[in-house]
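Engineer: One structure, as structure tokens, below. Some questions next.
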Amino acid sequence: MRQVEQALEMARLGVVGGAWPVGVEEAIVTEGLEGLFVARAGGDRPVPAAWYRAHASTATTTTVALQELAEALRILEQQGHDLVLLPGAALLRFYPDAGCRPMDDVDLLCPEGRTADVTDALTELGWTTTPRYPDLLNGRHVGIDLHDDLFHCQRIAARRRAGWLDPEQIWAHRRRVQVEGLQFWGLSAEDEVLYTAAHALRHSYRRVTWLVDLALQLGDRTLDGGRLRYRAEASGLNLPLLYGLTLLHAARVDLPASVRDWYAECAPGRTSRRVLQWVLGSRHSTCVGEVLWNWTCPHRGDRLRLMREFMFPRTDVLLQVFPRVPRRLAPLTYGLRCGQLLLRLAQELATTIPGPLSRRMRRG
Numbered sequence: 040m041r042q043v044e045q046a047l048e049m050a051r052l053g054v055v056g057g058a059w060p061v062g063v064e065e066a067i068v069t070e071g072l073e074g075l076f077v078a079r080a081g082g083d084r085p086v087p088a089a090w091y092r093a094h095a096s097t098a099t100t101t102t103v104a105l106q107e108l109a110e111a112l113r114i115l116e117q118q119g120h121d122l123v124l125l126p127g128a129a130l131l132r133f134y135p136d137a138g139c140r141p142m143d144d145v146d147l148l149c150p151e152g153r154t155a156d157v158t159d160a161l162t163e164l165g166w167t168t169t170p171r172y173p174d175l176l177n178g179r180h181v182g183i184d185l186h187d188d189l190f191h192c193q194r195i196a197a198r199r200r201a202g203w204l205d206p207e208q209i210w211a212h213r214r215r216v217q218v219e220g221l222q223f224w225g226l227s228a229e230d231e232v233l234y235t236a237a238h239a240l241r242h243s244y245r246r247v248t249w250l251v252d253l254a255l256q257l258g259d260r261t262l263d264g265g266r267l268r269y270r271a272e273a274s275g276l277n278l279p280l281l282y283g284l285t286l287l288h289a290a291r292v293d294l295p296a297s298v299r300d301w302y303a304e305c306a307p308g309r310t311s312r313r314v315l316q317w318v319l320g321s322r323h324s325t326c327v328g329e330v331l332w333n334w335t336c337p338h339r340g341d342r343l344r345l346m347r348e349f350m351f352p353r354t355d356v357l358l359q360v361f362p363r364v365p366r367r368l369a370p371l372t373y374g375l376r377c378g379q380l381l382l383r384l385a386q387e388l389a390t391t392i393p394g395p396l397s398r399r400m401r402r403g
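So for the sequence shown, this note's numbering puts the first residue at 40; every next one is plus one.
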């Protein structure tokens, strides 16, 4: 598990001497990493009792959630509905135990055009839908998010221009994975890595867990480095993956030889590395990662088209963003969106400017 310990350096959660550094305990709790530290802690470091309780609680809720999910998928499979378990729940198999990686919900990939059928089948089993989010369903112990493609391109169609994994190839290369003793359909090792890297970038690396996931996936013995590069370049997801590798490399994570050679050949430049480090450091207050992902489109026109649709999507999508707005007042959502974007811009500037100012003040 050396990669886990290395990946934790991403949030500067390294251990100094025999005690936890000042401020690290709070950061570990904020990142939801208590369980992982309990599993990896050595005997020379005291671990807070609350972390053991968090580890036990996460293990219990995760196990119960997976059991409920597995039973629902078993019934759906009998009805002819095969679904693929996406990262992160699928990545629990890389961790020491179920208490090491908390999960908010479970993402499932449906065959293209079958999402509504799967939703109907789940509601017949007692699962409930979320208002205005027909693809979000809740069971007794777990919520699921149904996809008919990896990046919800049905909400923002231009996302396909920032990277696209063909559903037919995804289904052709799926495989059985075992998670906490339960069998699920999962993505191929290469597609799992690409999904994790793109998802983490889109969400500005908001959870260090996603980078730990990526480090562990790269150590998977079933991963073919040559095929990973081919899939990344063919799908247009090579930049999100290279960005993730940049952060792992900065944290001195050991990369597999084939991936290391590719990274050495195609590593992002100094400016990109600095931006990525800034995004990581500001991960709880920025959405620049989403903009970076949009900007990985190969053509300028595609970038502008995606940014426009990202800022002002369809009305039905904006009604999801502003769920309290009645449908009859849907046109108002565009005005609300303008206000939301201006507020976000002000927040981004407030996050960005203090750093350079403080450095100038220190210099006198």
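Quick reminder that beta carbons are idealized off the backbone N, C-alpha and C, glycines included.
1. Among the residues of its own chain, which have a CB less than 8 Å from the CB of residue 172, if the five just before and after it don't count?
2. Give the range of the beta strand (DSSP E) segment to which residue 168 is assigned.
3. Terminal residues of the continuous beta strand (DSSP E) containing residue 172?
4. Count the other CB atoms, across all protein chains shown, that sit within 10 Å of the CB of residue 73; report buried if there are 16 or more and exposed otherwise.
5. Specify the secondary structure class of residue 223 as computed by DSSP and reduced to three states.
6. Within the same chain, show all residues whose beta-carbon is closer than 7 Å to that of residue 102, passing over the 5 residues directly before and after it, in chain order.
7. Can you tell me the Cα-Cα spacing of residue 277 and residue 88, whole angstroms?
8. Would a C-beta distance cut-off of 7 Å place residue 243 and residue 322 closer than the cut-off?
9. In chain order, what residues of the same chain lie with their CB nearer than 7 Å to the CB of residue 271, ignoring the 5 residues before and after it?
10. Do residue 308 and residue 432 come within 7 Å of each other at the CB atom, strictly closer than that value?
11. What span of residues does the beta strand (DSSP E) with residue 218 cover, start to end?
12. Could you tell me if residue 124 is buried or exposed, where buried requires 16 or more neighbouring beta carbons within 10 angstroms of its beta carbon?
13. Taking the CB atoms as reference points, tell me whether residue 331 and residue 197 lie closer together than 7 Å.
14. Relative to the C-alpha of residue 353, which candidate in 229, 381, 339, 376 has its C-alpha closest?
15. Leaving out five residues before and five after residue 129 in sequence, what residues of the same chain have Cβ atoms less than 8 Å from its Cβ?
16. Please state the DSSP three-state secondary structure of residue 67.
17. Taking 6 Å as the cut-off, is the C-beta of residue 247 nearer than that to any heavy atom in the ligand FAD?
Structural biologist: Quick answer:
1. Here residue 172 corresponds to residue number 133 of the sequence shown, with the count starting at 1. 359, listed in sequence order.
2. Residue numbering aside, residue 168 sits at position 129 when the sequence shown is read from its first letter. Segment 167 to 169, the beta strand (DSSP E) holding residue 168.
3. To locate residue 172, count along the sequence shown from 1; it is residue 133. Run containing residue 172: 172 to 177, per the beta strand (DSSP E) assignment.
4. Taking the first residue of the sequence shown as 1, we reach residue 73 at position 34. Looking at its Cβ environment, which holds 16 or more other Cβ atoms inside 10 Å, residue 73 is buried.
5. Counted from its first residue, the sequence shown places residue 223 at position 184. Strand at residue 223.
6. Taking the first residue of the sequence shown as 1, we reach residue 102 at position 63. Here the set comprises 137, 219.
7. Here the question's residue 277 lines up with position 238 in the sequence shown. Here the question's residue 88 lines up with position 49 in the sequence shown. C-alpha separation (whole angstroms): 42 Å.
8. Position 204 of the sequence shown, counting from 1, holds the residue named residue 243. Position 283 of the sequence shown, counting from 1, holds the residue named residue 322. Yes.
9. Looking up residue 271 in the sequence shown gives position 232. Result list for residue 271: 233, 277, 280, in chain order.
10. Outside the displayed range of the chain (40 to 403) lies residue 432, so it cannot be described from this structure.
11. Numbered from its first residue, the sequence shown carries residue 218 at position 179. Residue 218 -> beta strand (DSSP E) spans 214 to 218.
12. Here residue 124 refers to the residue found at position 85 when the sequence shown is read from its first residue. Classification of residue 124: buried, given that the 10 Å Cβ count is 16 or more.
13. To locate residue 331, count along the sequence shown from 1; it is residue 292. To locate residue 197, count along the sequence shown from 1; it is residue 158. It is not a contact, given that the beta carbons lie outside the stated cut-off.
14. Here residue 353 refers to the residue found at position 314 of the sequence shown. Of the candidates 229, 381, 339, 376, the one whose C-alpha sits nearest the C-alpha of residue 353 is 376.
15. By 1-based counting over the sequence shown, the position of residue 129 is 90. Answer for residue 129: 216, 218, 223, 225, 226, 231, listed in chain order.
16. Indexing the sequence shown from 1 puts residue 67 at position 28. DSSP places residue 67 in helix when its eight states are reduced to three.
17. Here there are no bound small molecules, and the ligand FAD is not part of this structure.
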